[in-house]
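To start, the structure under review is shown below, and the notes come after it.
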Amino acid sequence: LEVIARNVNDAKLTEEQRFAKLKDQEIRSGYLMLGISDLDGKLTTSNKEVVDIKDEDFFQKALAGEKVITDPTEDIFGRSTTNLIIIYAIPIKVGSNVQGVLVATTYGNEFSTLVSNIKFGETGYAFMINKNGDIIAHINLSLALSKTNYIMEAEHDESFQELADTLILMKEGNTGTGRYHYLGVDKYCGFAPVKLTGWSIAVTSASSEVLSGLNQLLKNSVIFALIFMLIGIFTIYLITNNITRSLGAMV
3 LEVIARNVND AKLTEEQRFA KLKDQEIRSG YLMLGISDLD GKLTTSNKEV
53 VDIKDEDFFQ KALAGEKVIT DPTEDIFGRS TTNLIIIYAI PIKVGSNVQG
103 VLVATTYGNE FSTLVSNIKF GETGYAFMIN KNGDIIAHIN LSLALSKTNY
153 IMEAEHDESF QELADTLILM KEGNTGTGRY HYLGVDKYCG FAPVKLTGWS
203 IAVTSASSEV LSGLNQLLKN SVIFALIFML IGIFTIYLIT NNITRSLGAM
253 V
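Here it is, written out as C-alpha cells:
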C-alpha cells in the first residue's frame with residue numbers, strides 16, 4: 003500500500019490517470035476495494051463512488067500518521083452483505099505532512115478459511131480472537147460473523163469460565179497453553195499473539211486425543227505439560243509468522 007500511495011500521489015497525474023492507476027492496482031493486487039480519502043474523510047473509490055468515513059476510527063488513526071489494520075468487520079462500503087472485510091488504511095504523505103488517506107479492503111472471511119485449514123490430529127483446529135476477546139476467525143464461521151465473546155458469555159453461563167480464563171490470557175498478549183471444558187469436551191490449547199494486530203490465535207484439541215497412548219504416570223507429569231507447551235507454542239509460532247507476513251505485505 004505504501005508503494006501504491008506514492009504512485010497515486012504523483013503531482014503530475016491528472017485525476018483520471020490517478021484513479022486509472024488505482025483501479026489497476028486494485029485488480030492486480032487482489033483488493034476488494036481501493037480508495038483515496040481527503041482530509042475531511044470523503045473517500046473516493048476506484049469506481050468513483052464516494053463514501054463518508056470521517057467518523058471511522060481507522061480514518062482518524064491514519065490521518066494521525068498510523069498504519070491501520072482493522073478486525074474483520076461488516077462491509078461499510080457496500081461491496082458485500084454476506085462477508086466480513088478487513089480494512090487497511092495508511093496516510094498519504096508529502097514530506098512529513100499527511101495529504102490524504104489510502105484505504106483498501108480484503109475479504110475478512112479468509113482468516114476463517116485459513117484457520118479451518120489448520121489441523122491438529124483428528125479433533126484439533128485453530129481460532130482467533132481480537133483484543134476484546136471476540137472470535138474473529140473460527141472453523142465455525144457463524145461464531146466469527148457474530149463475534150461471539152465467551153468472556154462475556156461466562157458472566158451468565160459458568161460452563162464457559164475455563165474457556166474465558168484462557169481467552170483473557172490470550173487477549174492480554176500472552177503466549178502459553180490452557181485447558182478448558184467446551185460443549186462437553188475437555189480440551190488443551192496452545193496460543194500466541196499475532197503481531198501488528200492485537201489479535202491472538204490458538205490451536206486446540208480434545209484432551210482425549212492429546213493424551214491417547216500415554217500411560218497414567220506421564221499424563222499426570224510435569225514433563226508432559228512441558229512437551230505439550232513446547233509443541234503447541236512452536237506450532238502457533240509458525241502460524242502467527244505466516245499471518246504477520248501476509249498482513250505486513252498488504253501495508
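So for the sequence shown, the numbering used here puts the first residue at 3; every next one is plus one. Quick reminder that beta carbons are idealized off the backbone N, C-alpha and C, glycines included.
{"Check": "Three-state secondary structure (DSSP) of N111", "Outcome": "helix"}
{"Check": "Supposed contact pair K25 and S39 - C-beta distance, whole angstroms, cut 8 Å", "Outcome": "About 16 Å separates the two Cβ atoms, so there is no contact after all."}
{"Check": "Rounded straight-line distance, which links the Cα of I137 to that of I153", "Outcome": "10 Å"}
{"Check": "Burial state of K173, where buried means 16 or more other Cβ atoms lie within 10 Å", "Outcome": "buried"}
{"Check": "Beta-bridge pairing of V187 - partner residues as DSSP gives them", "Outcome": "Y184"}
{"Check": "Residue burial classification, L3 (beta-carbon count within 10 angstroms, cutoff 16)", "Outcome": "buried"}
{"Check": "Backbone secondary structure at F193 - three-state DSSP", "Outcome": "strand"}
{"Check": "Three-state class that DSSP yields for K14 in the structure shown", "Outcome": "coil"}
{"Check": "Anticipated Cβ contact below 8 Å, T177 with A194, distance rounded", "Outcome": "4 Å"}
{"Check": "Given 8 Å, three or more beta-carbon pairs between the region 127 to 147 and the region 99 to 116", "Outcome": "yes"}
{"Check": "C-alpha gap between I89 and T72, whole angstroms", "Outcome": "5 Å"}
{"Check": "Uninterrupted alpha helix (DSSP H) stretches inside the region 18 to 100 (no shorter than 4 residues)", "Outcome": "59 to 65"}
{"Check": "Proximal residues to R181 (C-beta, below 6 Å), its chain only, five neighbours per side dropped", "Outcome": "Y190"}
{"Check": "Beta-carbon proximity check, L45 vs I55, cutoff 8 Å", "Outcome": "yes"}
{"Check": "Neighbour flag for S48 against chain B, beta carbons, 8 Å", "Outcome": "The structure shown has no chain B; it contains just one protein chain."}
{"Check": "7 Å Cβ shell around G67 - same chain, five flanking residues per side excluded", "Outcome": "P93 and V100"}
{"Check": "Residue closest to T179, alpha-carbon to alpha-carbon, out of L198, S202, V187 and G186", "Outcome": "S202"}
{"Check": "Backbone secondary structure at I137 - three-state DSSP", "Outcome": "strand"}
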